[in-house]
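Participant: Let me begin by handing over the structure; questions about it come next.
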Amino acid sequence: MLPEHHICERARLSRDPRFDGAFFIGVLTTGIYCRPVCPARLPAADNVRFYASAASAEEAGYRACRRCLPERAARVPEWQIGSRTVIRALRLIDGGFLERAGSAALAAELGVTPRHLNRLFQQELGSTPKGLAMSRRRALAKRLVDDTDLPFATVAMQAGYGSLRRFNEDLLAAFGRSPRALRAARRGRPAAASGVALRLPVRQPYDADWVFEFLARRALAGFEAVSGRCYRRRVAGADGADAWVEVTWTGDALCLTVPDACTEPLSELLPRVRRVFDLDAEPGTIGDDLSRDPLLAPVVAAHPGLRVPGAWDGFETAVRAILGQQVSVDRATVLARRLLERFGGDALSNPARLARADVAAVGMPGKRGAAVRELAAAVADGRLTLHDGADPERLSQTLCGLPGIGPWTAGYVAMRVAKDPDAYPANDWVVLKMLEGAVSAGEARAAAAGRRGSRADGWRPWRAYAVMTLWKWSQQQRALAREA
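According to the working numbering, the sequence shown is numbered sequentially starting from 1140.
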């Protein structure tokens, strides 16, 4: 939802970077729209209009500014969107749902009518689902025109256009220049020598060390690799070969590098990367809210910008969550590796195969192996969908209805797969240990549990980030103990 007018005006006058992507500015006298951080001369207040999204500014007839390049702005932070339905819809749109199934199916997936969904989008973002999808596709296409030497037919395909003609017409209408003219005028910005390299803006602060350490501890050899602040993931390549995409922290942004051999389009890869690295979070708001708890405040102050790393693949992460029940992260990773060795390198992306497999044979209790099979069967037959557009409450209910899956696993999956900022892995050992100091030693068990629950309720709607904060604190304590 668009911030109040006086807030937008103050942010515009001060070029406040915290509002970059939170709204856009249409200039009546020039017919262009800008980011709040645009370095151009400030127009008079009477000559500007504020818009909740780039799509709404474009639909009002404005063209993108050639100086501040609004197509490169950070996304509208999700906390600013008051409707959970709209948040879920945007995630599904990013995953290509509209292209595969259309607007009516999108509304049905969300449990609303198409008319009501359009109304929600207009209220929150000043556009429609289709308008937002077109704007995001257009922005990606413009980035590829500017930053690569890819043939325009390849750019159109990578950005999700159905035809080269539609791609040419859309960019001409939106930017006032053809793709060829846009590339000729890219002002000396160097293109990648091969493949594609895209800079992904990150809202500051961003605790990159935490994210890369989290991923490194869980990396599956042969499928993932983490070296310092570089994450590599194996993806499908041309002619059945493998390709590796890289995500590197540059100090103020992430750089995604995709080789020519990668066959997965960028329109599908980018949402994965945004999800894994939690790029749509608003760290300032989250940190301020969690700092109200004196237990969390010192960790938030020492490590601002903690993120909740998401899932590259929902099914893979859910299976690994079950493997991790009541064992260490290292042990769970060993079990995942054994599972791949025994049932094939694509087992973690093949629910039908795991539904028939003797999972317990890799070295776990029979009930836990049965839980993996039940999960796989539910995904294979369509009873369960595992993606960031899923309804977190319904997802948790479905998971808890499967034998061998309880609140901790359901909360963990909701946190990393559904990207629910308020997900809470109940009875997490680390969280319980950290909260023990908040209750008196002689307090009755029931009363102590009630106080712990009340404290966690105070972290809403950011309980997932509170969990990360406590995990970070625990990690520090273990490191200090080893040094001692």
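Glycine included, each C-beta is placed from N, C-alpha and C at the ideal position.
Note that the structure is predicted; figures quoted are calculated from it, not measured.
Under the three-state reduction of DSSP, which class applies to R1202: helix, strand or coil?
Facilitator: Reading the sequence shown from its first residue, position 63 is the one you call residue 1202. In this structure, R1202 counts as strand in the three-state DSSP scheme.
Participant: Check whether the region 1456–1476 and the region 1338–1357 touch, using three or more Cβ-Cβ pairs below 8 Å as the test.
Facilitator: Segments in contact, yes.
Participant: Terminal residues of the continuous beta strand (DSSP E) containing S1366?
Facilitator: Start at 1 with the first residue of the sequence shown, and residue 1366 comes out as number 227. 1363–1366 is the extent of the beta strand (DSSP E) around S1366.
Participant: Should T1402 be labelled buried (16 or more other beta-carbon atoms within 10 Å of its own) or exposed?
Facilitator: Within the sequence shown, residue 1402 is the residue found at index 263, counting from 1. That one is exposed.
Participant: Quick one: Cα of D1233 to Cα of G1528, how far?
Facilitator: Start at 1 with the first residue of the sequence shown, and residue 1233 comes out as number 94. Start at 1 with the first residue of the sequence shown, and residue 1528 comes out as number 389. Each residue's Cα considered, the two are about 9 Å apart.
Participant: Once the 5 residues before and after G1376 are set aside, which same chain residues still bring their CB inside 7 Å of it?
Facilitator: Here residue 1376 corresponds to residue number 237 of the sequence shown, with the count starting at 1. Cβ neighbours of G1376 beyond the five flanking positions: A1382, A1400, C1401, T1402.
Participant: Could you check what DSSP says for P1340 in three-state terms: helix, strand or coil?
Facilitator: The residue labelled residue 1340 in the question sits at position 201 within the sequence shown. Looking at P1340 - three-state DSSP - the assignment turns out to be strand.
Participant: Is P1542 near the ligand ADP, judged by its Cβ being under 7 Å from some heavy atom?
Facilitator: For the structure depicted, the ligand ADP is absent and the ligand set is empty, with no information on it obtainable.
Participant: Are the region 1602–1611 and the region 1425–1437 touching by the rule of at least three beta carbon pairs closer than 8 Å?
Facilitator: Contact between the region 1602–1611 and the region 1425–1437 is present, because at least three Cβ pairs lie under 8 Å.
Participant: For the alpha helix (DSSP H) containing V1225, list its first residue and its last residue.
Facilitator: Here the question's residue 1225 lines up with position 86 in the sequence shown. Looking at the DSSP string, the run of the alpha helix (DSSP H) that includes V1225 is 1223–1233.
Participant: Below 8 Å, can you find three or more Cβ-Cβ pairs linking the region 1390–1398 to the region 1186–1201?
Facilitator: No: fewer than three Cβ pairs fall under 8 Å.
Participant: Rounded to whole angstroms, what's the CA-CA distance from C1369 to N1186? Just pull it up for me.
Facilitator: Mapped onto the sequence shown, residue 1369 falls at position 230. Mapped onto the sequence shown, residue 1186 falls at position 47. Whole-angstrom Cα-Cα distance: 45 Å.
Participant: Taking the alpha-carbon of L1487 as reference, which of P1504, L1514, D1469 has the nearest alpha-carbon?
Facilitator: Mapped onto the sequence shown, residue 1487 falls at position 348. Looking at the Cα atoms, L1514 is the closest of the given residues.
Participant: Would you kindly work out how many angstroms separate the C-alpha atoms of A1420 and C1539, rounded to a whole number?
Facilitator: Within the sequence shown, residue 1420 is the residue found at index 281, counting from 1. Within the sequence shown, residue 1539 is the residue found at index 400, counting from 1. Answer to the nearest angstrom: the Cα atoms are 27 Å apart.
Participant: Return the Cβ separation of A1213 and P1340 in integer angstroms, given the expectation that the two are a contact with Cβ distance under 8 Å.
Facilitator: Taking the first residue of the sequence shown as position 1, residue 1213 is located at position 74. Taking the first residue of the sequence shown as position 1, residue 1340 is located at position 201. Contact flag correct, Cβ pair sits at about 5 Å.
Participant: Exposed or buried, what is H1526 when buried is set at 16 or more other beta-carbons lying within 10 Å of its beta-carbon?
Facilitator: If you number the sequence shown from 1, residue 1526 lands on position 387. So H1526 counts as buried.
Participant: Do D1417 and P1448 count as a contact pair if the criterion is CB distance below 8 Å?
Facilitator: Translated into positions along the sequence shown, residue 1448 becomes position 309. Translated into positions along the sequence shown, residue 1417 becomes position 278. In this structure, D1417 lies closer than 8 Å to P1448 by Cβ.
Participant: Is it buried or exposed for L1571, if we count other Cβ within 10 angstroms and need 16 for buried?
Facilitator: On the sequence shown, position 432 is the one that residue 1571 refers to. Result: exposed.
Participant: Give me the Cα-Cα distance between S1153 and L1310, rounded to the nearest whole angstrom.
Facilitator: By 1-based counting over the sequence shown, the position of residue 1153 is 14. By 1-based counting over the sequence shown, the position of residue 1310 is 171. Going by the C-alpha atoms only, they are around 31 Å apart.
Participant: Thinking just about the alpha-carbon of each residue, which of A1500, E1217, L1249, G1160 is nearest to the one in V1176?
Facilitator: For this step, residue 1176 is matched to residue 37 along the sequence shown. Of A1500, E1217, L1249, G1160, the residue nearest in Cα terms is G1160.
Participant: Would you call the region 1215–1231 and the region 1257–1269 in contact, with 3 or more CB pairs under 8 Å?
Facilitator: Output reads yes: the region 1257–1269 touches the region 1215–1231.
Participant: Which stretch, first to last residue, makes up the alpha helix (DSSP H) that contains F1236?
Facilitator: Against the sequence shown, residue 1236 aligns to sequence position 97. Taken as a continuous stretch (DSSP letters only), the alpha helix (DSSP H) holding F1236 covers 1236–1240.
Participant: Could you give the DSSP three-state label for A1436: helix, strand or coil?
Facilitator: Here residue 1436 corresponds to residue number 297 of the sequence shown, with the count starting at 1. A1436: helix per DSSP, three-state reduction.
Participant: Which value, in whole angstroms, describes the spacing of the CA atoms of A1586 and A1179?
Facilitator: The residue you call residue 1586 lines up with position 447 of the sequence shown. The residue you call residue 1179 lines up with position 40 of the sequence shown. Here A1586 scores only 46 on pLDDT, less than 50, and its place in the model is too uncertain to base an answer on.
Participant: Could you give the residue range of the beta strand (DSSP E) that holds T1387?
Facilitator: To locate residue 1387, count along the sequence shown from 1; it is residue 248. That run of the beta strand (DSSP E) goes 1381–1388.
Participant: I'd like to check one pair, G1444 with Q1536: are the Cβ atoms closer than 8 Å?
Facilitator: Walking along the sequence shown from the start, residue 1536 turns up at place 397. Walking along the sequence shown from the start, residue 1444 turns up at place 305. Cβ atoms of Q1536 and G1444: not closer than 8 Å.
Participant: Taking the continuous beta strand (DSSP E) assigned at F1189, which residues delimit it?
Facilitator: If you number the sequence shown from 1, residue 1189 lands on position 50. Its beta strand (DSSP E) spans residues 1187–1190.
Participant: Starting from the Cα of A1500, find the closest Cα among P1490, V1511, A1491 and give me that residue.
Facilitator: Here residue 1500 is taken as the residue at index 361 of the sequence shown, counted from 1. If we check each option's Cα against that of A1500, V1511 comes out closest.
Participant: Rounded to whole angstroms, what is the Cα-Cα separation between L1321 and S1302?
Facilitator: Locating residue 1321 in the sequence shown gives position 182, where the first residue counts as 1. Locating residue 1302 in the sequence shown gives position 163, where the first residue counts as 1. Distance between the alpha carbons of L1321 and S1302 is about 19 Å.
Participant: CA-CA distance, N1566 and A1184?
Facilitator: Here the question's residue 1566 lines up with position 427 in the sequence shown. Here the question's residue 1184 lines up with position 45 in the sequence shown. In a straight line, the C-alpha of N1566 is about 53 Å away from that of A1184.
Participant: Comparing alpha-carbon positions, which option in L1534, V1552, A1509, G1550 lies nearest P1542?
Facilitator: Taking the first residue of the sequence shown as position 1, residue 1542 is located at position 403. When each option's Cα is compared against that of P1542, the closest is A1509.
Participant: Opposite V1397 in the DSSP bridges: which residues?
Facilitator: Numbered from 1 along the sequence shown, position 258 holds the residue referred to as residue 1397. V1335.
Participant: Taking 8 Å as the threshold (C-beta atoms), are F1162 and L1141 in contact?
Facilitator: Position 2 of the sequence shown, counted from the start, is the residue given in the question as residue 1141. Position 23 of the sequence shown, counted from the start, is the residue given in the question as residue 1162. Yes, these two residues count as a Cβ contact at 8 Å.
Participant: Measuring CB to CB, does G1235 end up less than 8 Å from S1406?
Facilitator: What you label residue 1235 is simply residue 96 of the sequence shown in a count that begins at 1. What you label residue 1406 is simply residue 267 of the sequence shown in a count that begins at 1. Yes, the Cβ-Cβ distance between G1235 and S1406 is below 8 Å.
Participant: So which of S1274, L1479, E1575, G1390 has the shortest CA-CA distance to R1202?
Facilitator: Numbered from 1 along the sequence shown, position 63 holds the residue referred to as residue 1202. For the residues S1274, L1479, E1575, G1390, the minimum Cα distance to R1202 belongs to S1274.
Participant: Threshold first: 3 residues or longer. Then list the beta strand (DSSP E) segments lying entirely within the region 1436–1501, N to C.
Facilitator: Counting whole runs of 3 or more residues, the region 1436–1501 contains no beta strand (DSSP E) stretch at all.
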